[in-house]
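The structure under discussion appears below in the form of structure tokens.
Numbering (my numbering), first residue to last: 6 to 413.
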């Protein structure tokens, strides 16, 4: 009885696929990250209505890259192509509040790039720069980071799928942080679901639950910040610990505030890991010897000193040259409180709109109606002067909509 053996023959198609896989595995993981974030920015600026202009994004990117090159040259004595700074600038471009002047927006950039040379362990930065830039800006200059909630971004549903799929296909396999992302997503989704259920009588469930999990800031945080190979653990056990810790700390922070708590959570967890690594080093080498070798002999102390001087000089230059303070006595106007008897606006009197609503929709209406206070200006009667139109949904019928015409 004859037996035959089948030998696999590599077809041109399978050979090309294997070659592509080898090239993809050898590819710098920063390349797909930069490509995805850049694609997201382009779509946001062209079709999704992001509230920033291409010129603002260009200025952010150039500033980030220039600072990275200057600091690397100063502290490490070499010139580098600022690939990481470019990725950081793309992430920050989604989150910065461009309603301020450009000079103030250098603060988040300074926090982000400067952190790479301050929060270090064994000569490498230990915290994701973009995360630090956002977290410290929220702590010390909150208005510089936009607080617009996710549901105010247009096209968010389709873009959530876009950024999610690209992250899963191109980023996660490259950086090998599957366990970290999966652990964080599961834990965070559970705690967000619980919060949404508890808060459903004050805030629509869909707004909190879906709005949080599909927001640009959350997606960027999950797939591009905590997965940073340079600052996240490679060990699977550590990835599980970090993923659960991030979601748990975030839940605790919600006792104090609502927006962007996951950035604070990442700063706390990352800083704790950094301090723990330094503590182990001190226990091994002795506090005095470790401190001397790591902070003085290595020349590390020059970094915070240099950055501190740079920050001080920048603040003085901004306040004294770019935007000197205007003395109050030189102002051409003054603010004066006008009593309700004169203005006709009495904010203390509430109407009965809420009481007349169907109780089954009051938990939704309470949230919707609370954002009804608004004011608009325009030349209503065409006399060349601006008139005021005010709305206040929850007030008495006579004050829910009021037009103030310019009287000369």
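A virtual CB, placed ideally from N, CA and C, is assigned to each residue, including glycine.
Beta-carbon separation of residue i and residue j under 9 Å?
i: residue 185; j: residue 248; result: yes
i: residue 94; j: residue 66; result: yes
i: residue 305; j: residue 77; result: no
i: residue 251; j: residue 231; result: yes
i: residue 62; j: residue 46; result: yes
i: residue 57; j: residue 98; result: yes
i: residue 355; j: residue 401; result: yes
i: residue 109; j: residue 146; result: yes
i: residue 212; j: residue 133; result: no
When the Cα atoms are used, what is the spatial distance from residue i to residue j?
i: residue 158; j: residue 214; result: Summary for residue 158: the model assigns pLDDT 47, below 50, so the residue's position carries little reliability; its value from the coordinates is reported in the next sentence. Taking the straight line from one Cα to the other gives about 16 Å.
i: residue 258; j: residue 300; result: 32 Å
i: residue 234; j: residue 208; result: 37 Å
i: residue 292; j: residue 244; result: 29 Å
i: residue 403; j: residue 387; result: 25 Å
i: residue 6; j: residue 41; result: Per-residue confidence for residue 6 stands at a pLDDT of 46, beneath the threshold of 50, marking its modelled position as unreliable; the derived number appears in the next sentence. Straight-line Cα distance between these residues: approximately 59 Å.
i: residue 348; j: residue 379; result: 16 Å
i: residue 399; j: residue 37; result: 50 Å
i: residue 392; j: residue 339; result: 20 Å
i: residue 374; j: residue 366; result: 12 Å
i: residue 394; j: residue 408; result: 4 Å
i: residue 239; j: residue 302; result: 29 Å
i: residue 260; j: residue 187; result: 25 Å
i: residue 64; j: residue 273; result: 30 Å
Between which two residues does the alpha helix (DSSP H) containing residue i stretch?
i: residue 212; result: 210-218
i: residue 414; result: For the chain, the structure presents residues 6 to 413; residue 414 sits outside this window and is missing.
i: residue 281; result: 266-290
i: residue 196; result: 183-203
i: residue 417; result: Nothing about residue 417 can be reported from this structure: the residues present for the chain run from 6 to 413 only.
i: residue 313; result: 307-322
i: residue 119; result: 111-120
i: residue 61; result: 59-81
i: residue 93; result: 88-100
i: residue 225; result: 221-225
i: residue 361; result: 358-361
On a CA-only basis, which of the options is nearest residue i? Give me that one, please.
i: residue 140; options: 324, 387, 265 and 313; result: 265
i: residue 220; options: 233, 232, 33 and 267; result: 267
i: residue 104; options: 55, 343, 277 and 117; result: 55
i: residue 73; options: 254, 116 and 410; result: 116
i: residue 70; options: 79, 87, 64 and 59; result: 87
i: residue 43; options: 85, 382, 53 and 92; result: 92
i: residue 113; options: 130, 240 and 136; result: 136
i: residue 298; options: 51, 118, 128 and 102; result: 128
Tell me, please, which residues DSSP counts as bridged to residue i.
i: residue 407; result: 395
i: residue 130; result: 125
i: residue 139; result: In DSSP, residue 139 forms no bridge with anything.
The beta strand (DSSP E) spanning residue i covers which residue range?
i: residue 382; result: 379-383
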